[in-house]
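J.: Residue numbers (my numbering): 247 to 800. Below are the structure tokens for one structure; questions will follow.
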């Protein structure tokens, strides 16, 4: 962004460049003329820099994933002795007791604004229409998540002076601004762009998210669904579905393995391939965060970080039997998405007994030998977590159902799956989300078409090896058998979204839209008031931009 006729590269690009210079002492490393910068910083280079910002806020376990998943029934991180306490930061996310000084709340805010800044910077260097359109959509992604999580975002146009604090958009006005940006970009996007670039269909899918959540952004405590918005979701979704470019994978797990760039469900991904050392999203955190230290013989005792789990109630939203400590993890023919079965990747079971999906009960190596924890006790994951989420004694290492959504490459028996260059691409938008969004809009439109929605859902279920549903209400009413939380009712559309999209950083948004985010679920009581429907604006951000205002209740 321009300051006089100079382009300045700062160690505080995000806070100074995007939030403003108020109450901030800046220290610039380099000052070069704008003309010199333009000769070096080409639009293509700057656009790629914006793309490369995506893994920052969207890959690791303490970023958007934590705010969207750990704040829900799908994920929690028990303290295990000296592991995973971190002054309680994980537990307060699940319990909805965070505050404006929470490190993850600040890190996500800064990371998303960094993506916004770099995308905006493209506009200063004479980009082509196609480059400008891609940058506009990349920026809209950042704005969408800022709005979704914080209900406001600061915004500068390219060339605005850094001496003034940027404008701030909030609520419905913010959503409408993002919609306008996406619609502006659509005509100039290259129709040939595939899943690794911002494409026409990726932009339409993002528009679908905006229209589907628009009423929630107007009033999160009591979302409404305007028929015109639902018709937009249906129209855009049907355009994507009828394009013929996408189809369900024969094996659900091939959407997340180390060769998932070839998925026929991929609408937008951040790409990788095994051994790629440049701009690799390094997805290994997604399996390391849940695997036990001894889970994989080739790397024990460093085969995992032994933290993240899911709740037994969420597990039961698949219609599974009541899980117990003695559950054997049999390969029940129920639903591909629950896992505990081999994948099409032969190497996965050649060198490891780990299979993608929910890990529950006794764990085994590739030869069927029962694994043990570090104390020599059976490595058998017990679904029942201590109510305080603080474990000790015999339960220290084994409580909690673990989740392998992205799974590693086990082809090397020496255990190099912890490599920083795995082949898993970040699956940002999948075809099944589009289908589920259309089904929901059909049920929410002024004249609901539940029959058409049921056809879409049952086609998806058939692709996942699950039995068809005879009926499918929109939202939950009853807790699963043996469960405690209504939010995990297995017989509704919300549950189908959970079964398909779990651990893909969408659950919090879904629960708010369905009016369920403030209800009680395992290890979290019902919220007192509506404060937690939004995360607070980090105190550091408030200090540098007077146009930001703290969200109510903080």
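By construction, the Cβ of each residue, glycine as well, lies at the ideal position given by its N, Cα and C atoms.
If you check the beta carbons only, do residue 722 and residue 762 fall under 8 angstroms apart?
T.: As a first step, residue 722 must be located in the chain shown, where it is residue number 476. As a first step, residue 762 must be located in the chain shown, where it is residue number 516. Cβ distance < 8 angstroms, so residue 722 and residue 762 count as in contact.
J.: Where does residue 372 land, buried or exposed, given buried means 16+ other C-beta within 10 angstroms?
T.: Counting from 1 along the chain shown, the entry for residue 372 is found at position 126. Flag for residue 372 reads exposed.
J.: Based on Cα-Cα distance, which residue from 307, 359, 360, 797 lies nearest to residue 335?
T.: Here residue 335 corresponds to residue number 89 of the chain shown, with the count starting at 1. Nearest of 307, 359, 360, 797 to residue 335, Cα basis: 307.
J.: For the beta strand (DSSP E) containing residue 400, list its first residue and its last residue.
T.: Residue 400 sits at position 154 when you count from the first residue of the chain shown. First-last of the beta strand (DSSP E) with residue 400: 398-401.
J.: Should the region 609-620 be regarded as contacting the region 495-507, the criterion being three or more beta carbon pairs within less than 8 angstroms?
T.: Not touching, per the Cβ criterion.
J.: With burial defined as no fewer than 16 other Cβ atoms inside 10 Å of the residue's Cβ, what is the status of residue 291: buried or exposed?
T.: In the chain shown, residue 291 corresponds to position 45, counting from 1. So residue 291 ends up on the exposed side.
J.: Between which residues of its own chain and residue 248 is the CB-CB distance below 6 angstroms, once the five residues before and five after are set aside?
T.: Within the chain shown, residue 248 is the residue found at index 2, counting from 1. Unreliable positioning characterises residue 248 in this predicted model, as indicated by a pLDDT of 32, which lies under 50. A coordinate reading is not provided.
J.: At which residues does the beta strand (DSSP E) containing residue 676 begin and terminate?
T.: Here the question's residue 676 lines up with position 430 in the chain shown. That run of the beta strand (DSSP E) goes 672-676.
J.: Would you mind stating whether residue 709 and residue 494 have Cβ atoms separated by less than 8 angstroms?
T.: Position 463 of the chain shown, counting from 1, holds the residue named residue 709. Position 248 of the chain shown, counting from 1, holds the residue named residue 494. Against a cut-off of 8 angstroms, the Cβ pair of residue 494 and residue 709 comes out as a contact.
J.: Nearest CA to the CA of residue 558: which residue from 568, 552, 551?
T.: On the chain shown, residue 558 is found 312 positions in, with the first residue counted as 1. Checked all of 568, 552, 551; the closest Cα to residue 558 is 568.
J.: Specify, as a first and last residue, the run of the beta strand (DSSP E) that residue 717 falls within.
T.: In the chain shown, counting from the first residue as 1, residue 717 sits at position 471. Where residue 717 is concerned, there is no enclosing beta strand (DSSP E), given that its DSSP letter is neither H nor E.
J.: Do you know how far the Cα of residue 420 is from the Cα of residue 431?
T.: Position 185 of the chain shown, counted from the first residue, corresponds to residue 431. Position 174 of the chain shown, counted from the first residue, corresponds to residue 420. Those two C-alpha atoms are separated by around 17 angstroms.
J.: Return helix, strand or coil for residue 467, following the three-state DSSP convention.
T.: Your numbering for residue 467 matches position 221 in the chain shown. Coil, per DSSP.
J.: Can you give the Cα-Cα distance for residue 585 and residue 677, rounded to whole angstroms?
T.: Position 339 of the chain shown, counted from the start, is the residue given in the question as residue 585. Position 431 of the chain shown, counted from the start, is the residue given in the question as residue 677. Straight-line Cα distance between these residues: approximately 20 angstroms.
J.: Would you report the Cα separation of residue 427 and residue 445, rounded to the nearest angstrom?
T.: Mapped onto the chain shown, residue 427 falls at position 181. Mapped onto the chain shown, residue 445 falls at position 199. Going by the C-alpha atoms only, they are around 14 angstroms apart.
J.: Determine the direct distance from the alpha carbon of residue 736 to that of residue 565, and round the result to whole angstroms.
T.: For the purposes of this step, residue 565 is taken as residue 319 along the chain shown, with counting starting at 1. For the purposes of this step, residue 736 is taken as residue 490 along the chain shown, with counting starting at 1. Those two C-alpha atoms are separated by around 6 angstroms.
J.: When the Cβ atoms of the region 625-634 are set against those of the region 511-528, are three or more pairs found closer than 8 angstroms?
T.: With a cut-off of 8 angstroms, the region 511-528 and the region 625-634 do not count as touching, because too few Cβ pairs lie within range.
J.: According to DSSP, simplified to helix, strand and coil, what is residue 724?
T.: Indexing the chain shown from 1 puts residue 724 at position 478. If DSSP states are grouped into helix, strand and coil, residue 724 belongs with coil.
J.: Count the other CB atoms, across all protein chains shown, that sit within 10 Å of the CB of residue 607; report buried if there are 16 or more and exposed otherwise.
T.: Residue 607 sits at position 361 when you count from the first residue of the chain shown. Buried, because 16 or more other Cβ atoms sit within 10 Å of the Cβ of residue 607.
J.: Using 8 angstroms as the threshold, is the region 319-330 in touch with the region 641-659, meaning 3 or more CB pairs across them?
T.: With the cut-off at 8 angstroms, the region 319-330 and the region 641-659 touch.
J.: Hey, how far is the Cα of residue 779 from the Cα of residue 416?
T.: In the chain shown, counting from the first residue as 1, residue 779 sits at position 533. In the chain shown, counting from the first residue as 1, residue 416 sits at position 170. Those two C-alpha atoms are separated by around 14 angstroms.
J.: With a cut-off of 8 angstroms on the beta carbons, I'd call residue 786 and residue 358 a contact; round off their distance for me.
T.: Translated into the one-based positions of the chain shown, residue 786 becomes position 540. Translated into the one-based positions of the chain shown, residue 358 becomes position 112. Actually they are not in contact, since the Cβ atoms of residue 786 and residue 358 sit about 14 angstroms apart, beyond 8 angstroms.
J.: Between which residues of its own chain and residue 451 is the CB-CB distance below 6 angstroms, once the five residues before and five after are set aside?
T.: Walking along the chain shown from the start, residue 451 turns up at place 205. Around residue 451: 513, 675, 680.
J.: Please state the DSSP three-state secondary structure of residue 330.
T.: Looking up residue 330 in the chain shown gives position 84. The answer is coil: DSSP assigns residue 330 none of H, G, I, E or B.
J.: In its own chain, which residues sit with a C-beta less than 7 angstroms from the C-beta of residue 539, not counting the 5 before and 5 after it?
T.: Within the chain shown, residue 539 is the residue found at index 293, counting from 1. Around residue 539: 546, 547, 548, 549, 550, 552, 620.
J.: Quick check on residue 770: does DSSP put it in helix, strand or coil?
T.: On the chain shown, position 524 is the one that residue 770 refers to. Three-state DSSP puts residue 770 in a strand.
J.: By how many angstroms is the C-alpha of residue 666 removed from the C-alpha of residue 298?
T.: Here residue 298 refers to the residue found at position 52 when the chain shown is read from its first residue. Here residue 666 refers to the residue found at position 420 when the chain shown is read from its first residue. Each residue's Cα considered, the two are about 16 angstroms apart.
J.: Are the CB atoms of residue 731 and residue 772 within a distance shorter than 8 angstroms?
T.: Numbered from its first residue, the chain shown carries residue 772 at position 526. Numbered from its first residue, the chain shown carries residue 731 at position 485. No, the Cβ-Cβ distance between residue 772 and residue 731 is not below 8 angstroms.
J.: Taking the straight line between their C-alpha atoms, what separation do you get for residue 609 and residue 300?
T.: As a first step, residue 609 must be located in the chain shown, where it is residue number 363. As a first step, residue 300 must be located in the chain shown, where it is residue number 54. Using only the alpha carbons, I get a separation of about 34 angstroms.
J.: Leaving out five residues on either side along the sequence, give the residues of the same chain with a beta carbon under 6 angstroms from the beta carbon of residue 392.
T.: Along the chain shown, one-based indexing puts residue 392 at 146. Closer than 6 angstroms at Cβ, skipping near neighbours: 358, 399.
J.: What span of residues does the alpha helix (DSSP H) with residue 801 cover, start to end?
T.: This structure gives no information on residue 801, because the portion of the chain shown stretches from 247 to 800.
J.: Candidates 482, 389, 768: which alpha carbon is nearest residue 316's?
T.: Taking the chain shown and counting its residues from 1, one reaches residue 316 at position 70. Of the listed residues, the one whose Cα sits closest to residue 316 is 768.
J.: When the Cα atoms are used, what is the spatial distance from residue 377 to residue 296?
T.: Residue mapping note: residue 377 aligns to position 131 of the chain shown, counting from 1. Residue mapping note: residue 296 aligns to position 50 of the chain shown, counting from 1. Distance between the alpha carbons of residue 377 and residue 296 is about 11 angstroms.
J.: Based on Cα-Cα distance, which residue from 650, 345, 716 lies nearest to residue 704?
T.: Locating residue 704 in the chain shown gives position 458, counting from the first residue. For the residues 650, 345, 716, the minimum Cα distance to residue 704 belongs to 716.
J.: Let me know the beta strand (DSSP E) ranges lying completely inside the region 372-445, each 3 residues or longer, listed in chain order.
T.: For the region 372-445, whole beta strand (DSSP E) runs of length 3 or above, ordered along the chain, are 398-401, 413-416.
J.: Assuming residue 770 contacts residue 348 under a Cβ cut-off of 8 angstroms, what Cβ separation, rounded to an integer in Å, is found between them?
T.: Residue numbering aside, residue 770 sits at position 524 when the chain shown is read from its first letter. Residue numbering aside, residue 348 sits at position 102 when the chain shown is read from its first letter. The Cβ separation is near 16 angstroms, so there is no contact.
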